[in-house]
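Chemist: Residues 3 to 434 in the UniProt record's numbering are what the sequence shown lists, from first letter to last.
Beta carbons: idealized from backbone N, C-alpha and C, even for Gly.
Predicted model, so just to flag it, every value in this text is computed and none were measured.
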Amino acid sequence: ATVIVLFTQDLRVHDHPALSAALAGGGPVLPLFVIDDRLVDRAARNRNAYLAEALADLRWSLRSRGADLVLRRGDTVGEVLRLAGEVGADTVHMSAGVSRFAALRARRLREAGLSVREFPGLTVVPPGEVVPQGGDHYKVFTPYWRAWEGSSWRAVERAPSAIPAHGGVAPGELPRSLRERGRGEGAAHRITGGEDAARARLRSWVERGQADYPDRRDDLAGAATSHLSADLRFGCLSPLEVALAGRDHPGHGEFVRQLAWRDFHHQVTAAFPDIGRRDYRDRGRRWRHDPDAVAAWRRGRTGVPVVDAGMRQLLREGFMHNRTRMITAAFLTRTLRVHWREGAAHFEDHLVDGDVADNHGNWQWVAGTGNDTRPNRAFNPLRQARRFDPGGDYVRRYVPELAGLPGARAHTPWREESPPAGYPPPIADPGH
Ligand code: FAD
Numbered sequence: 003a004t005v006i007v008l009f010t011q012d013l014r015v016h017d018h019p020a021l022s023a024a025l026a027g028g029g030p031v032l033p034l035f036v037i038d039d040r041l042v043d044r045a046a047r048n049r050n051a052y053l054a055e056a057l058a059d060l061r062w063s064l065r066s067r068g069a070d071l072v073l074r075r076g077d078t079v080g081e082v083l084r085l086a087g088e089v090g091a092d093t094v095h096m097s098a099g100v101s102r103f104a105a106l107r108a109r110r111l112r113e114a115g116l117s118v119r120e121f122p123g124l125t126v127v128p129p130g131e132v133v134p135q136g137g138d139h140y141k142v143f144t145p146y147w148r149a150w151e152g153s154s155w156r157a158v159e160r161a162p163s164a165i166p167a168h169g170g171v172a173p174g175e176l177p178r179s180l181r182e183r184g185r186g187e188g189a190a191h192r193i194t195g196g197e198d199a200a201r202a203r204l205r206s207w208v209e210r211g212q213a214d215y216p217d218r219r220d221d222l223a224g225a226a227t228s229h230l231s232a233d234l235r236f237g238c239l240s241p242l243e244v245a246l247a248g249r250d251h252p253g254h255g256e257f258v259r260q261l262a263w264r265d266f267h268h269q270v271t272a273a274f275p276d277i278g279r280r281d282y283r284d285r286g287r288r289w290r291h292d293p294d295a296v297a298a299w300r301r302g303r304t305g306v307p308v309v310d311a312g313m314r315q316l317l318r319e320g321f322m323h324n325r326t327r328m329i330t331a332a333f334l335t336r337t338l339r340v341h342w343r344e345g346a347a348h349f350e351d352h353l354v355d356g357d358v359a360d361n362h363g364n365w366q367w368v369a370g371t372g373n374d375t376r377p378n379r380a381f382n383p384l385r386q387a388r389r390f391d392p393g394g395d396y397v398r399r400y401v402p403e404l405a406g407l408p409g410a411r412a413h414t415p416w417r418e419e420s421p422p423a424g425y426p427p428p429i430a431d432p433g434h
């Protein structure tokens, strides 16, 4: 009988366990993606644009293997059921997700009478596969990392060379409007979506980038990290394949540790699906309501150059360096003492890699309501700026008002005898 493979956050043909298992059955396979309008309208415009490109690429890949990507629009569960009825399928394969939405979707499909088989593929190590003694998930990263590193991983699935398609199903169009919908502003310099582009990025990262990673990952101006986060977010790359690529290259261990951070937040989210709404740990934080400060932070007009540069990178690229994500998030939650949810929402509206588990897990970590074992660690934006952007190049790249201030002077415009025109004084303590 025909098996429906429901694609979600796994928009690829390489190392796709749900697809491989469907093919192993020997019968026709029907790859499906449902464009759920409720999700599209809540997502960042930048992510919808990436998604449109990734779907076009996946369709091309499947067509070149004799199948197609069937596209439907509406409620995912309703559309799966309709298609199952149309082709006489009773089995759906999909990658297991960790969000509340993913759990509900699988449950509703089962309740409607379909046999739903969930497979790994969205993380290196599936949530629940390594667990601490006497607990359901790891709450602290270092012990998780040790267990993660020592666990055995499944084998990588090869991309199929041919897919026996179920004929006679209307493929459906990719709505042109997808890339124009959603929240936030569209970034002028966004990464291109799709498995093909993602695999090219991975190859060049392994060949050219990874070796310098341990030394350069915090160098703001160097932008020397992998930039694979959006590809992992949409599953255009398999996290397992990324973790195994370039195993023998220098720099690999440090890089793979970051992938473990991603898995860590996923297993936290699987166990605590409220991560986006409630404090993971209640540490009695008090928050201020300050709409003017939040507006300045969002636009990159706080008067603290490293904060503004990060926020403007986000608007320009739909991406921000990890170090400035920490600096800007700490400035909002610790210096301005504004609730992490306000900051996380703005990130969510712009990041191409924006993801429930990683975004909220990291925001809570920085805000001190999450898994950080030192939630009250001191934080000083200016010291961070001098350390990670010693020449001021990152700041000048994104804040043109500071172009005339050479070297590290770009970090302290308020100390100039005649401060640069059009750039505001700091709205809060910039550090020392
Ligand atoms: P690299 O340094 O090359 O790392 C490789 C991969 O490891 C990344 O692509 C990413 O998948 C993963 N990774 C690295 N650091 C982390 C981390 N701390 N947590 C989880 N995964 C990590 N990452 C997201 O993918 N989505 C988000 O929505 C997101 N929101 C964040 C919000 C805040 C406040 C902070 C501090 C961090 C956030 N991160 C998020 C984590 C991290 O900043 C990005 O993954 C990273 O900057 C992406 O750049 P890269 O691919 O070049 O990373």
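Please go through the same chain and pick out, in chain order, the residues whose beta-carbon is closer than 8 Å to the beta-carbon of Gly224, but skip the five residues on each side of it.
Modeler: Same-chain partners within the cutoff: Arg218.
Chemist: Sorted by chain position, which residues of the same chain lie with C-beta nearer than 8 Å to Ala114's C-beta, five sequence neighbours on each side aside?
Modeler: The residues are Val79 and Leu83.
Chemist: Is any non-hydrogen atom of the ligand FAD found closer than 8 Å to the C-beta of Trp263, if you look at the structure I gave you?
Modeler: Checking every heavy atom of the ligand FAD against the Cβ of Trp263, one is found closer than 8 Å.
Chemist: Are the segment 338-350 and the segment 290-298 touching by the rule of at least three beta carbon pairs closer than 8 Å?
Modeler: With a cut-off of 8 Å, the segment 290-298 and the segment 338-350 count as touching, because enough Cβ pairs lie within range.
Chemist: Suppose contacts are defined by Cβ-Cβ distances below 9 Å. Is Val358 in contact with Pro162 by that definition?
Modeler: Contact: no.
Chemist: Whose C-alpha, out of Pro122, Met313 and Ala24, is nearest the C-alpha of Leu34?
Modeler: Ranking Pro122, Met313 and Ala24 by Cα distance to Leu34 puts Ala24 first.
Chemist: Tell me whether Ser420 sits in a helix, a strand or coil according to DSSP, three-state version.
Modeler: Correct three-state label for Ser420: coil.
Chemist: What's the gap between the Cα of Pro134 and the Cα of Phe143?
Modeler: Distance between the alpha carbons of Pro134 and Phe143 is about 12 Å.
Chemist: Which of the three DSSP states is assigned to Leu384 in this structure?
Modeler: Correct three-state label for Leu384: helix.
Chemist: For His291, does the count of other Cβ atoms within 10 angstroms reach 16, so buried, or fall short, so exposed?
Modeler: Classification of His291: exposed, given that the 10 Å Cβ count is below 16.
Chemist: Taking 7 Å as the limit between beta carbons, can you name the residues of its chain near Gly363, skipping five residues before and five after?
Modeler: Closer than 7 Å at Cβ, skipping near neighbours: His267, Val270, Thr271, Ile277 and Gly372.
Chemist: Distance check for Leu180 and Ser63, CA to CA, integer angstroms please.
Modeler: Using only the alpha carbons, I get a separation of about 20 Å.
Chemist: Does the ligand FAD have even one heavy atom less than 8 Å from the beta-carbon of Trp365?
Modeler: Under cutoff, so the answer is yes.
Chemist: With a threshold of 8 Å, establish whether the CB of Asp284 neighbours any heavy atom of the ligand FAD.
Modeler: Outside the cutoff, so no.
Chemist: Report the rounded CA-to-CA distance for Val5 versus Gly90, giving the unit in angstroms.
Modeler: For Val5 and Gly90, the distance between alpha carbons rounds to 9 Å.
Chemist: Note the first and the last residue of the continuous alpha helix (DSSP H) segment covering Ser231.
Modeler: It spans Ser231 to Arg235 - the alpha helix (DSSP H) in which Ser231 sits, taken as one unbroken run.
Chemist: So is Gly174 buried or exposed if we call it buried at 16+ other beta carbons inside 10 Å?
Modeler: Looking at its Cβ environment, which holds 16 or more other Cβ atoms inside 10 Å, Gly174 is buried.
Chemist: Counting beta carbon pairs with one atom in the segment 190-209 and one in the segment 39-57, are three or more of them shorter than 8 Å?
Modeler: Counting Cβ pairs under 8 Å, three or more are found: they touch.
Chemist: So what does DSSP say about Thr337, is it helix, strand or coil?
Modeler: Here Thr337 sits in helix by DSSP.
Chemist: Name the residue from Asp17, Val158 and Val308 whose alpha carbon lies nearest to the alpha carbon of Pro402.
Modeler: Closest by alpha carbon: Val308.
Chemist: Cα separation between Cys238 and Arg74?
Modeler: If I take the Cα positions, the gap works out to 20 Å.
Chemist: Less than 6 Å between C-beta atoms, sequence neighbours within five positions excluded: which residues of the same chain meet that for Gly424?
Modeler: If we look at Gly424 and ignore the five residues flanking it on each side, its Cβ neighbours are Glu403.
Chemist: How long is the line joining the alpha carbons of Pro432 and Asn382, rounded to whole angstroms?
Modeler: Rounded to whole angstroms, Pro432 to Asn382 spans 7 Å at the Cα level.
Chemist: Spatial neighbours of Arg388 within its chain, please: C-beta separation below 7 Å, excluding the five flanking residues on both sides.
Modeler: For Arg388, where only same-chain residues beyond five positions count, the Cβ hits under 7 Å are Ala410 and His413.
Chemist: Between which residues of its own chain and Pro377 is the CB-CB distance below 7 Å, once the five residues before and five after are set aside?
Modeler: The residues are Arg285 and Gly370.
Chemist: Under DSSP, the beta strand (DSSP E) around Val7 begins and ends at which residues?
Modeler: Unbroken beta strand (DSSP E) run through Val7: Val5 to Leu8.
Chemist: Less than 8 Å separating the Cβ of Gln11 from some heavy atom of the ligand FAD?
Modeler: Not so, every heavy atom of the ligand FAD lies at least 8 Å from the Cβ.
Chemist: Let me check one thing: in DSSP terms, what residues is Pro33 bridge-paired to?
Modeler: The partner list for Pro33 (beta bridge, DSSP) reads Val7.
Chemist: By the 10 Å Cβ neighbour count, where 16 or more other Cβ atoms means buried, how is Ala190 classified, buried or exposed?
Modeler: Per the 10 Å Cβ criterion, exposed.
Chemist: Along the beta strand (DSSP E) that carries Glu151, what are the first and last residues, could you check?
Modeler: Not the beta strand (DSSP E): Glu151 falls in the alpha helix (DSSP H), residues Phe143 to Gly152.
Chemist: In terms of DSSP beta bridges, what is Ala46 paired with?
Modeler: The partner list for Ala46 (beta bridge, DSSP) reads Arg185.
Chemist: Okay, do the segment 197-213 and the segment 166-173 touch, 3+ Cβ pairs below 8 Å being the bar?
Modeler: The segment 197-213 vs the segment 166-173: no contact.
Chemist: Measuring CB to CB, does Leu222 end up less than 9 Å from Ala245?
Modeler: No, they are not a contact pair.
Chemist: Is the separation between the beta-carbon of Ala20 and that of Val36 shorter than 9 Å?
Modeler: Taking 9 Å as the Cβ cut-off, Ala20 and Val36 do not qualify as a contacting pair.
Chemist: Does at least one heavy atom of the ligand FAD sit under 8 Å from the Cβ of Asn373?
Modeler: No, the beta carbon of Asn373 sits no closer than 8 Å to any heavy atom of the ligand FAD.
Chemist: So what does DSSP say about Phe390, is it helix, strand or coil?
Modeler: Helix at Phe390.
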